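Participant: Got a structure for you, questions after.
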Amino acid sequence: MTHLRVTLGVECDGLRVVWRLDGVALHPGQPMARLPLSIAGAPTVELDGEALAAADDAGSLRLVSAVQHDADGESVRLWGVERASVGPVEVSYLARPILDEPCSATPPLELRREGNGLSGALKCFLVLPLGPADLTFELRWEQPAGTRTDENWMTVSSLGEGSGSDGELTGTGLELLGDTYVMCGDLAERHYRDGQMSTWWLTP
37 MTHLRVTLGV
47 ECDGLRVVWR
57 LDGVALHPGQ
67 PMARLPLSIA
77 GAPTVELDGE
87 ALAAADDAGS
97 LRLVSAVQHD
107 ADGESVRLWG
117 VERASVGPVE
127 VSYLARPILD
137 EPCSATPPLE
147 LRREGNGLSG
157 ALKCFLVLPL
167 GPADLTFELR
177 WEQPAGTRTD
187 ENWMTVSSLG
197 EGSGSDGELT
207 GTGLELLGDT
217 YVMCGDLAER
227 HYRDGQMSTW
237 WLTP
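Printed below as a string of structure tokens:
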């Protein structure tokens, strides 16, 4: 069974994304991961060809990137491996927030920052492996350095609350993972209720 573990770490200039993909065997030249240049008109994070660092059990795994058009004619950046992979593959990169003004008053899909908080749909800043589509996944957070667990800084997502350290943020399928909306930062107030996730940016 193919399994993907995604870890999001808050840094001063964005989110450090690290993922580990188990249960795959990649051949030289085979595409490994993808990120559309836009999602429903929302810009995705800008990542050049050298932005991603990859490694496996044999050491550094060099990647080659190129922008191509998918079956729907959308522009997609693909990353492929130069050699065959050995064991699990780990990828790391920095996702920087979009600084342009949002186009609407609704919560933007793209990665945004407000104060020490960040929000966005994963598919706008998470480079996703190409498959299999039904892989299992887990999502974890790393708190900013110097943040105490008793402070108001917290994480919420459409998968649930918490850092994921206890395995509570899990699922099956690349579509579900990409559609996951995440938010982290200082929480002003919390309301427990049944129903769908609701979050708001409120700037005093």
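Counting in the working numbering, the sequence shown runs from 37 upward without gaps. Every residue, glycine too, gets a C-beta built ideally from N, C-alpha and C. For clarity, every value in this text was computed on a predicted model and none was experimentally measured.
With DSSP as the reference, please indicate the residues paired to residue 74 in a beta bridge.
Facilitator: Residue 74 pairs with 79.
Participant: Any contact of the segment 63-77 with the segment 195-208, i.e. 3+ C-beta pairs under 8 angstroms?
Facilitator: Contact fails: fewer than three Cβ-Cβ distances are below 8 angstroms.
Participant: Any idea which residues DSSP pairs residue 46 with across the strands?
Facilitator: Answer is 51, bridged to residue 46.
Participant: Roughly how many angstroms lie between the CA atoms of residue 146 and residue 132, to the nearest whole one?
Facilitator: Rounded to the nearest angstrom, the two C-alpha atoms are 10 angstroms apart.
Participant: Tell me whether residue 40 is buried or exposed, calling it buried when 16 or more other Cβ atoms sit within 10 Å of its Cβ.
Facilitator: So residue 40 ends up on the buried side.
Participant: Going by DSSP, what residue range makes up the beta strand (DSSP E) through residue 175?
Facilitator: Residue 175 -> beta strand (DSSP E) spans 172-178.
Participant: Over what stretch of residues does the alpha helix (DSSP H) that includes residue 147 continue unbroken?
Facilitator: First-last for residue 147: undefined, no H or E at that position.
Participant: On the three-state DSSP scale, how would you describe residue 209?
Facilitator: Residue 209 falls in the coil class under three-state DSSP.
Participant: Considering only C-alpha positions, which residue in the set 96, 66, 91 and 45 is nearest to residue 56?
Facilitator: Comparing Cα-Cα distances from residue 56 to each of 96, 66, 91 and 45, the minimum goes to 91.
Participant: Can you check which of these residues, 37, 38 and 45, is closest to residue 220 by C-alpha distance?
Facilitator: The option with the nearest alpha carbon to residue 220 is 45.
Participant: Please list, in chain order, all residues of the same chain as residue 207 whose beta carbon is under 7 angstroms from its beta carbon, the five residues on each side excluded.
Facilitator: Correct list, in chain order: 173, 195 and 213.
Participant: Do you know offhand how far residue 134's Cα is from residue 79's?
Facilitator: Computed Cα separation, rounded: 8 angstroms.
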